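Residue numbers (the numbering used here), protein chains in the order written: chain Y, 7 to 250; chain V, 17 to 252.
The C-beta atom is built at its ideal place from N, Cα and C for all residues, glycine as well.
Here the structure is a predicted model, which means the values were calculated and not measured.
Structure first, then comments.
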Amino acid sequence: MEHAYSLKGVMVEKKDREILSIAETNFAAGKRYAIIGPSGAGKTTLLRVLNLLQEPTRGQVLYYGQELIYSGSNRLAIQRTMSMVFQKPAMFSGDVFYNVALGLKLHGMAKKDIKGRVEEALEVVRLSHLAKQSALTLSGGEAQRVALARALVTRPKILLLDEPTANLDPLNVAIIEEAIKSLHTDNKNTIIMITHNLHQAKRLAEEVIYMNNGAIVEQGTVAEVLLNPKNKETQLFVSGEMVY
Amino acid sequence: MEGMWNSILDVLKLFLSGDQKLYEIIFLSLKVSFSAVLIGVLIGIPIGSFMGMVDFKGHKLMVILIYTLMGMPPVLAGVAIYLLLSANGPLGQWQLLFTPGAMIMAQVVLVTPIIAGLTMVAVRSRVKIFFESAVSLGANKVQIAWLITREAKNGIMAAVVTAFGRAIAEVGAVMLVGGNIENYTRVMTTSIILETRKGNFDLALGLGIVLLVISFLINGFLVAGVLPYLQRGEQV
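Below is the structure:
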C-alpha cells in the first residue's frame, strides 16, 4: 500500500520543550484517519508538520516517498496538493464565493473554470444560497463550512482537518461530516482529522491514532483503538475516565 | 465677536462665489498635500507591509526609527529639505527651492513615516490571523503579502487619512521651503499665518474654517466612499 506520509524520528521542540516526538508512523494514501487525545497532546503540531506549516526540529517526513521540503521553490507545488481546515477558520474580506474560489485563484486556475468548481463545492456544504453574502457576517458553523468548501474545491490529495466541528450544532456537524464523506467517496483522498468527538471518529475514520505528550500512544483500526484498546492510557481516554 | 462672524461669513461667501485667488490657494494646498500623500503611499505602504510581515536583524531598531520619524518636527523636515535644495546644497541644481515641488518634498518626508508606521501596525495585526490560511491555500510569497495587506486595508486607510491630515494642516515646512509667495507657493496654512501676522485674526479664522470644511469633505469621501468599496472585496 502506498504511503501518503511516512514519519521517522520526527521531533518538534519549542524553547527546549519537546512538543512532538513521533518514533515512526505511516499514513496510507486514500485512507481516513482520526487523531484523538487530550489537549496539548501534539495533535495540531503533527497536522502542522504534515501541512508544511511547521518544520520538524529533527527527523524525516516522506510525502509519497519523497522527502518533504519545508522551504524552497518545490515547497509550493507540494503545498498545493493538500488543504487544511483550521479550528478557527479565517474568513477573508469578500463574499462567500470569493473565499471558496481563493485557493483556485491562487493556484492560477482560469476564471471561467473557477465558477463551476465553486458552485459545486458550495452545494456540497449546502451554502449555495449564501454565495453573495459577505464571509465576515457568517455564523461559526457557516464559516466552518465555507472553510471546508475552500479546502475541498482544489480537490486535494490530502485533506487535513483540525477539529472541524468543534463547538458546532448537530446540523452543521452532520453537513460537514457528509461533505467529508462525499469528498472521500469521489476523490479517494487521504483525510487526517483531529477530533475530540469519539463518535465522530467512529463515523468518519478507518484508522484512529491516540496521542499524548507529543507521542503516538496507540494506532490501529477503529475497532482496535476505540473498542478494544491495548494500551492502559488509551483505555482510560476512550472510556472517558482519564482526568487531564 | 460680531466682526469675527462677519469675517467668517465673508470668507465663506468668497468660497461659495468661486473667488479665483481663494481657489488658487485651495487648489495648491490640495495639490501639494495629495501629491505628498500619494508619494508617501507608494513608499510607505510597501515598507510598512514588509516591516509588518517580516522579522529581520535590526527590525526593532527600524521600528524605533520609524516611530521617531513619525513625530518629526515639521520645521526640522523643512530645514533639511531647504539645505538639500539651497543653491549650495547637493540638489541645488534642481532649482526647486521656493517652488511647490519643494513643498511636496518636505511633506513627503513628514507623511511617509506615518504611512509606513501605521501600515506596519495594521499589517502585523492581520499576519497572525491570515498568514497560515494563506500559506495553506497554496499562496506564493507575493500572494501572501498581497492577501495580508488587503486584509489590513482598514488600518492602511486610517494611515492615509492621518497622513493627509498632517499634510493639509502642515505649515512650518511648507513655509520654509515654499516661501509663501503669492500666486505661486501660498497655501491655506501659510495664508492663515500671513493674515494672523497682519492682525486679520478674523480672516485667519475664516480661512481655518474653510480648511476644516475641505478636510471634512475629503475625509468623508475616503471613509464613506472609498473604504466601503475596498471592503466589498475582490470579485473572482
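- In the pairwise beta carbon analysis, the region 122-138 of chain Y is classified as touching the region 147-158 of chain Y: at least three pairs are separated by under 8 angstroms.
- Under a criterion of Cβ atoms nearer than 9 angstroms, the residues of chain Y adjacent to L163 (chain V) are, in order, F98, L108, L112.
- When Cβ-Cβ separations below 8 angstroms define contact, R86 (chain Y) makes contact with chain V.
- Cβ neighbours of I120 (chain Y) within its own chain (closer than 6 angstroms, five residues either side excluded): A107, L110.
- Less than 8 angstroms separates the beta-carbon of N195 (chain Y) from that of P162 (chain Y).
- Counting along the chain, the unbroken beta strand (DSSP E) around R64 (chain Y) starts and ends at 64-69.
- Apart from sequence neighbours up to five positions away, the residues of its chain that approach S51 (chain V) with a beta-carbon distance below 7 angstroms are I120, ordered along the chain.
- In chain V, no part has a C-beta under 8 angstroms from the C-beta of L53 (chain Y); the shortest such distance is about 10 angstroms.
- Close CB contacts of V125 (chain V) within its chain, under the 6 angstroms cut and outside five residues either way in sequence, are with A93 (chain order).
- Taking each of V:G222, V:T212, V:I234, V:R202 in turn and checking the Cα distance to K37 (chain V), the smallest one comes out for V:R202.
- Note on T143 (chain Y): under 16 other CB atoms within 10 angstroms of its CB, so exposed under the neighbour-count rule.
- DSSP, read as helix, strand or coil, puts G226 (chain Y) in strand.
- The residues N32, F33, A34, A35, L68, Y70, G71, in chain order, have a CB closer than 8 angstroms to that of H9 (chain Y) in the same chain once the five nearest residues on each side in sequence are set aside.
- Linking E19 (chain Y) to T63 (chain Y) through their CA atoms gives a straight-line distance of about 6 angstroms.
- For the options V:W110, V:I230, V:D26, the alpha carbon positioned closest to that of K47 (chain V) is the one of V:I230.
- Sixteen is the threshold: since fewer than 16 other Cβ atoms of the shown chains lie within 10 Å of the Cβ of Q109 (chain V), the residue is exposed.
- DSSP, read as helix, strand or coil, puts L110 (chain Y) in helix.
- Residue range 88-91 is occupied by the beta strand (DSSP E) that includes M90 (chain Y).
- The alpha-carbon separation between R86 (chain Y) and G154 (chain V) amounts to approximately 5 angstroms.
- With a cut-off of 8 angstroms on Cβ pairs, the region 174-186 of chain V is in contact with the region 226-246 of chain V, counting three or more such pairs.
- In this chain, the alpha helix (DSSP H) harbouring G56 (chain V) covers 36-69.
- If you draw a straight line from the Cα of F147 (chain V) to the Cα of I160 (chain V), it is about 7 angstroms long.
- Per the coordinates, the alpha-carbon of A103 (chain V) lies some 30 angstroms from the alpha-carbon of L81 (chain V).
- Annotation: G64 (chain V) to L113 (chain V) spans about 30 angstroms, alpha carbon to alpha carbon.
- If the five residues before and after Q66 (chain Y) are omitted, its C-beta is found closer than 6 angstroms to the C-beta atoms of K14, all from its own chain and listed in chain order.
- By the rule that beta-carbons nearer than 8 angstroms mark a contact, L82 (chain Y) touches chain V.
- Taking I197 (chain V) as the centre and dropping the five residues before and after it, the same chain places the C-beta of F114 closer than 7 angstroms to its C-beta, in chain order.
- Residue pairing for V18 (chain Y): DSSP places it in a beta bridge opposite Y:L26.
- The beta carbon of Q139 (chain Y) sits closer than 8 angstroms to the beta carbons of D101, V102 from its chain, once the five residues preceding and following it are set aside; these are given in chain order.
- Following the DSSP letters along the chain, one finds V214 (chain Y) inside the beta strand (DSSP E) bounded by residues 213-218.
- At a cut-off of 8 angstroms, the C-beta of S89 (chain Y) has a neighbouring C-beta in chain V.
- The C-alpha of V27 (chain V) lies about 33 angstroms from the C-alpha of M86 (chain V).
- In the three-state reduction of the DSSP assignment, R140 (chain V) falls in the helix class.
- Cα atoms of Q93 (chain Y) and I24 (chain V): separation of roughly 60 angstroms, rounded to the nearest angstrom.
- Only residues of its own chain outside the window of five on either side were considered, and among them A93, G94, I97, A189, V190, V193 have a CB closer than 7 angstroms to the CB of A122 (chain V), listed in chain order.
- Secondary structure of D26 (chain V) (DSSP, three-state): helix.
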